Amino acid sequence: MTYLFETEEHAALRAQARRFAVEHIAPHAARWDEDEEFPVALYQAIAAAGLVGIGYPEEVGGSGGDLGHVLAVSEELVVAGTSVGAVVGLGSHGIA
Numbered sequence: 014m015t016y017l018f019e020t021e022e023h024a025a026l027r028a029q030a031r032r033f034a035v036e037h038i039a040p041h042a043a044r045w046d047e048d049e050e051f052p053v054a055l056y057q058a059i060a061a062a063g064l065v066g067i068g069y070p071e072e073v074g075g076s077g078g079d080l081g082h083v084l085a086v087s088e089e090l091v092v093a094g095t096s097v098g099a100v101v102g103l104g105s106h107g108i109a
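The opening residue of the sequence shown carries number 14 in my numbering; numbering runs sequentially from there.
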C-alpha cells in the first residue's frame with residue numbers, strides 16, 4: 014500500500030513494527046482476546062524493539078517521532094493482531 018505522506022523513515026519504522034507484530038503479536042492475539050489477558054512481557058519486548066514512546070519528545074524519553082510514525086506503528090500492530098485492544102494496551106504506557 015502506498016501512503017501519501019509517508020517518508021522513507023516512516024516506511025522503515027512501519028516495516029520494523031510489522032516484523033515485531035508478526036513475531037510477537039499475531040501468533041497469540043486471538044488467545045489473548047479470548048482469555049481477556051494482556052501479557053506484561055509484551056511491554057518489555059516492544060520497548061526493547063524501540064517501538065514505544067514513538068510520538069513523545071526525546072527530552073522525556075521518547076523517540077521524537079511525528080504522528081506519521083505513531084500511526085505507522087499502530088496500524089501494523091492492529092493488522093497483525095486484529096486487536097485494537099493490543100494496541101491500546103501497549104499504548105497505555107507511552108514511555109517504557
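The C-beta atom is built at its ideal place from N, Cα and C for all residues, glycine as well.
Keep in mind the model is a prediction, meaning the values are calculated, not measured.
Any C-beta of chain C under 8 Å from that of residue i
i     : result
Asp48 : Absent from the structure is chain C; it holds one protein chain and no more.
Cut-off 8 Å between Cβ atoms - residues of its own chain near residue i, not counting five sequence neighbours on either side
i      : result
Ala109 : Caution is warranted here: a pLDDT of 45 is assigned to Ala109, below 50, making its placement in the model unreliable, and the coordinate value is therefore given only provisionally. These residues qualify, in order along the chain: Tyr56, Gln57, Ile59, Ala60, Val65, Gly66.
Gly77  : Tyr69, Pro70, Glu71
Glu19  : Arg27, Gly81, Ala85
Sequence-distant residues of its chain with Cβ nearer than 7 Å to residue i (five each side left out)
i      : result
Ala30  : Leu64, Ala85, Val86, Glu89, Leu90
Ala197 : With the chain covering 14 to 109 only, the question about residue 197 has no answer from this structure.
Phe33  : Ile59, Ala62, Leu64
Arg27  : Ala85, Glu89
Val83  : Ile67, Gly68
Candidates the options: closest to residue i by CA position
i     : options                    : result
Glu22 : Ala93, Gly94, Asp79, Val92 : Asp79
Val92 : Glu47, Thr20, Gly75, Glu36 : Glu36
For residue i, the three-state DSSP class (helix, strand or coil)
i      : result
Asp48  : helix
His41  : coil
Ile108 : Reliability fails at Ile108, whose pLDDT of 47 lies under 50, so the model's placement of it is uncertain and the value that follows must be treated cautiously. Three-state DSSP puts Ile108 in coil, outside helix and strand.
Val67  : Here residue 67 turns out to be Ile, not Val, going by the sequence shown. Residue state, collapsed to three classes: coil.
Leu84  : helix
Gly94  : helix
Phe18  : coil
Ala34  : helix
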